[in-house]
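Novice: The structure's right below; bear with me while I get my questions together.
In this note's numbering, the protein residues as written are 1 to 454.
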């Protein structure tokens, strides 16, 4: 669970986190899971010894302790497992006689993981670490996983004399111990390690490379919806973008100044940053669609929708006639299909082979759309108590790929999509038994969407 840390009183946040981690094993239990056939006397004995109440008991008709199922996965039974796949390496990044910086000077690159390989992200950072013209590298690290290549690249960059800064989020739930280990390793390698802002968890995914070129200093950035984690990049669906756009590079620089305490930045050129300006802009985009009435269109893909203010705004949009599609994989506190309130809202949750993790925000604006992707879910904790970044997609080909080929494909899913009902139940999207179900993730795996060069 999340640990309570009095950051203002902590002289050394890293040491404080280590101390709290040792205490986690002795923490107070939050719930008791038992089989429904458990005798009452055994249940009462457990409650008494654990100092818990009956409200803390959850009964199940099924196996408990599902973590043991990993042992089943280790069995050599390929016929019972998903078919292995090879992620694509975008052809635009394989141009002969051209390095990645030259490519990004010409165009942006969009990556759709796990269908597109995560290797280009590592290669981008590795190229920066080895390039003699690169002056500085800055990166946020939230969940990097075991033996992370991205950390090795940062240490290599420092060996090569680059100015390297890493914001390591020590409060990433259940990854605290791993992040402490890599924070120490980076510090020992000479990397400037910071732990973020007091009272805020840094959840955004941003890398900044500052390079000296003939016409002056140029910034290159990678921004994403998912972590710099090579393991989860094969298990989660995420989007990432690499670009050398000057305004976004300037925003990335301002963001790192904000995160390291060098500025109190409140104005950004392109980025929507929580808790600075993200909420007000999302609400502004929804209000604009309300003004367009029945010509309005909103599509949002996120992990969770909990924020009351956003939900109220979406209800108002539905009442105004705006057509709204919400792809919310997890918690959704909005009720679609309520007469006179949310009849124009459809909520679907796609649960398949890969964990749907990308966040996409599309506002039609009468054919002049705003399209953002990034790290933020629509929860008060994300909007108000975390540092999050949503960034615009301005390249027309990339916009088309995301709206038509990615969002459009998810909205057609009838194999792994579940539709939220007005009463809170989910029902399968499969409606026609005679028609073969359409699996969006399988469609992406087969490479039938845009080839990745946008």
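We put the beta carbon where it would ideally sit given N, CA and C, even for glycine. Note that the structure is predicted; figures quoted are calculated from it, not measured.
Assuming residue 193 and residue 166 make a contact with CB atoms under 8 Å, what is their CB distance in whole Å?
Specialist: Taking the first residue of the chain shown as 1, we reach residue 193 at position 193. Taking the first residue of the chain shown as 1, we reach residue 166 at position 166. At roughly 5 Å, the Cβ-Cβ gap stays under 8 Å, so residue 193 and residue 166 are in contact.
Novice: Decide yes or no for the touch test of the region 182-201 against the region 243-260: beta carbon pairs closer than 8 Å, at least 3 of them.
Specialist: Cβ pair count under 8 Å is three or more, so yes.
Novice: Short of 7 Å in beta carbon distance, which residues of its chain neighbour residue 140, apart from the five on each side in sequence? Order them along the chain.
Specialist: Your numbering for residue 140 matches position 140 in the chain shown. Same-chain partners within the cutoff: 167, 202, 204, 205, 206.
Novice: Could you have a look at residue 161 and say whether DSSP puts it in helix, strand or coil?
Specialist: Within the chain shown, residue 161 is the residue found at index 161, counting from 1. Three-state DSSP puts residue 161 in coil, outside helix and strand.
Novice: Quick one: which unbroken alpha helix (DSSP H) runs of 4-plus residues sit fully inside the region 333-385? Chain order, please.
Specialist: 380-384
Novice: Near residue 281, which residues of its chain fall below 6 Å by C-beta distance, leaving aside the five closest residues on each side in sequence?
Specialist: Locating residue 281 in the chain shown gives position 281, counting from the first residue. Beyond the five residues adjoining it in sequence on each side, residue 281 comes within less than 6 Å, by CB distance, of 272 in the same chain, given in chain order.
Novice: CA-CA distance, residue 358 and residue 42?
Specialist: On the chain shown, residue 358 is found 358 positions in, with the first residue counted as 1. On the chain shown, residue 42 is found 42 positions in, with the first residue counted as 1. Rounded to whole angstroms, residue 358 to residue 42 spans 44 Å at the Cα level.
Novice: For residue 148 and residue 442, what's the separation of their Cα atoms in angstroms?
Specialist: Numbered from its first residue, the chain shown carries residue 148 at position 148. Numbered from its first residue, the chain shown carries residue 442 at position 442. Those two C-alpha atoms are separated by around 28 Å.
Novice: Could you give the residue range of the alpha helix (DSSP H) that holds residue 405?
Specialist: Here residue 405 is taken as the residue at index 405 of the chain shown, counted from 1. It is not in any alpha helix (DSSP H) - residue 405 carries neither H nor E in the DSSP assignment.
Novice: So, are the CB atoms of residue 58 and residue 76 less than 8 Å apart?
Specialist: Counted from its first residue, the chain shown places residue 58 at position 58. Counted from its first residue, the chain shown places residue 76 at position 76. Cβ atoms of residue 58 and residue 76: not closer than 8 Å.
Novice: Tell me residue 391's beta-bridge partners as DSSP assigns them.
Specialist: Here residue 391 is taken as the residue at index 391 of the chain shown, counted from 1. Its beta-bridge partners are 373.
Novice: DSSP on residue 108, reduced to helix/strand/coil?
Specialist: Here residue 108 refers to the residue found at position 108 of the chain shown. DSSP places residue 108 in coil when its eight states are reduced to three.
Novice: Grab the span of the alpha helix (DSSP H) containing residue 441 for me, first residue to last.
Specialist: Here the question's residue 441 lines up with position 441 in the chain shown. Here the alpha helix (DSSP H) through residue 441 covers 440-445.
Novice: In three-state DSSP terms, what is residue 116?
Specialist: To locate residue 116, count along the chain shown from 1; it is residue 116. Strand, per DSSP.
Novice: Closest to residue 380 by C-alpha separation, out of 419, 433, 311, 229, would be which residue?
Specialist: Counting from 1 along the chain shown, the entry for residue 380 is found at position 380. For residue 380, the nearest C-alpha among the options comes from 311.
Novice: How is the alpha helix (DSSP H) around residue 72 delimited, first residue to last?
Specialist: The count along the chain shown starts at 1 and reaches residue 72 at position 72. First-last of the alpha helix (DSSP H) with residue 72: 69-73.
Novice: In chain order, what residues of the same chain have a beta carbon less than 6 Å from the beta carbon of residue 444, not counting five sequence neighbours either side?
Specialist: Taking the first residue of the chain shown as position 1, residue 444 is located at position 444. The answer, listed in chain order, is 115.
Novice: What residue range does the beta strand (DSSP E) around residue 241 cover?
Specialist: The sequence position of residue 241 within the chain shown is 241, counting from 1. Taken as a continuous stretch (DSSP letters only), the beta strand (DSSP E) holding residue 241 covers 236-243.
Novice: Let me know if residue 30 comes out buried or exposed under the rule of 16 or more other beta-carbons within 10 Å of its beta-carbon.
Specialist: As a first step, residue 30 must be located in the chain shown, where it is residue number 30. By the 10 Å Cβ count, residue 30 comes out exposed.
Novice: Have a look at the DSSP bridge pairing and note the partners of residue 296.
Specialist: Taking the chain shown and counting its residues from 1, the one referred to as residue 296 is at position 296. Its beta-bridge partners do not exist; DSSP assigns none.
Novice: With a CB to CB cut of under 7 Å and the five nearest residues on each side skipped, what residues in its chain are close to residue 336?
Specialist: Here residue 336 refers to the residue found at position 336 of the chain shown. So the qualifying residues of the chain are 342, 345, 346, 347, 420, 422.
Novice: Here's the rule I'm using: 16 or more other beta-carbon atoms within 10 Å means buried, otherwise exposed. How should residue 366 be labelled?
Specialist: Within the chain shown, residue 366 is the residue found at index 366, counting from 1. By the neighbour-count rule (16 or more Cβ atoms within 10 Å), residue 366 is not buried but exposed.
Novice: Applying the criterion that 16 or more other CB atoms from any shown protein chain within 10 Å of the CB defines a buried residue, is residue 108 buried or exposed?
Specialist: The sequence position of residue 108 within the chain shown is 108, counting from 1. In this structure residue 108 is buried. Its beta-carbon is surrounded by 16 or more other beta-carbon atoms within 10 angstroms.
Novice: Would you kindly work out how many angstroms separate the C-alpha atoms of residue 294 and residue 364, rounded to a whole number?
Specialist: Counted from its first residue, the chain shown places residue 294 at position 294. Counted from its first residue, the chain shown places residue 364 at position 364. Rounded to whole angstroms, residue 294 to residue 364 spans 12 Å at the Cα level.
Novice: Less than 8 Å between the CB atoms is what I'm expecting for residue 227 and residue 353, so what's the real figure, rounded?
Specialist: Against the chain shown, residue 227 aligns to sequence position 227. Against the chain shown, residue 353 aligns to sequence position 353. Contact flag wrong, Cβ pair sits at about 19 Å.
Novice: Taking 8 Å as the limit between beta carbons, can you name the residues of its chain near residue 424, skipping five residues before and five after?
Specialist: For the purposes of this step, residue 424 is identified with residue 424 of the chain shown, where counting begins at 1. Around residue 424, the same chain offers 335 as residues with beta carbons nearer than 8 Å, after the five sequence neighbours per side are excluded.
Novice: DSSP three-state call for residue 82: helix, strand or coil?
Specialist: Walking along the chain shown from the start, residue 82 turns up at place 82. Looking at residue 82 - three-state DSSP - the assignment turns out to be coil, as it is neither helix nor strand.
Novice: Got a sec? Which residues, its chain only, sit under 6 Å from residue 497 by beta carbon, not counting five neighbours each side?
Specialist: The first residue shown for the chain is 1 and the last is 454, placing residue 497 beyond what the model contains.
Novice: Verify whether the separation of the beta carbon atoms of residue 117 and residue 136 is less than 8 Å.
Specialist: Residue 117 sits at position 117 when you count from the first residue of the chain shown. Residue 136 sits at position 136 when you count from the first residue of the chain shown. In this structure, residue 136 does not lie closer than 8 Å to residue 117 by Cβ.
Novice: Using 8 Å as the threshold, is the region 235-253 in touch with the region 95-107, meaning 3 or more CB pairs across them?
Specialist: Taking a contact to require three or more Cβ pairs closer than 8 Å, the region 235-253 and the region 95-107 qualify as touching.
Novice: Leaving out five residues before and five after residue 436 in sequence, what residues of the same chain have Cβ atoms less than 8 Å from its Cβ?
Specialist: For the purposes of this step, residue 436 is taken as residue 436 along the chain shown, with counting starting at 1. Same-chain partners within the cutoff: there are none.
Novice: Look at the alpha carbon of residue 373 and the alpha carbon of residue 361, and state the distance between them as a whole number of angstroms.
Specialist: Locating residue 373 in the chain shown gives position 373, where the first residue counts as 1. Locating residue 361 in the chain shown gives position 361, where the first residue counts as 1. Their backbone Cα atoms lie some 6 Å apart in a straight line.
Novice: Between the region 123-138 and the region 209-220, are three or more C-beta pairs nearer than 8 Å?
Specialist: yes
Novice: Leaving out five residues on either side along the sequence, give the residues of the same chain with a beta carbon under 6 Å from the beta carbon of residue 183.
Specialist: For the purposes of this step, residue 183 is taken as residue 183 along the chain shown, with counting starting at 1. Cβ neighbours of residue 183 beyond the five flanking positions: 168, 193.
Novice: Note down the Cα distance separating residue 246 from residue 176, rounded to an integer number of angstroms.
Specialist: Here residue 246 is taken as the residue at index 246 of the chain shown, counted from 1. Here residue 176 is taken as the residue at index 176 of the chain shown, counted from 1. Near 34 Å, if we compare the C-alpha coordinates of residue 176 and residue 246.
Novice: Would you mind sorting residue 217 into buried or exposed? The rule is 16 or more other CB atoms within 10 Å of its CB.
Specialist: Along the chain shown, one-based indexing puts residue 217 at 217. Under this definition residue 217 is an exposed residue.
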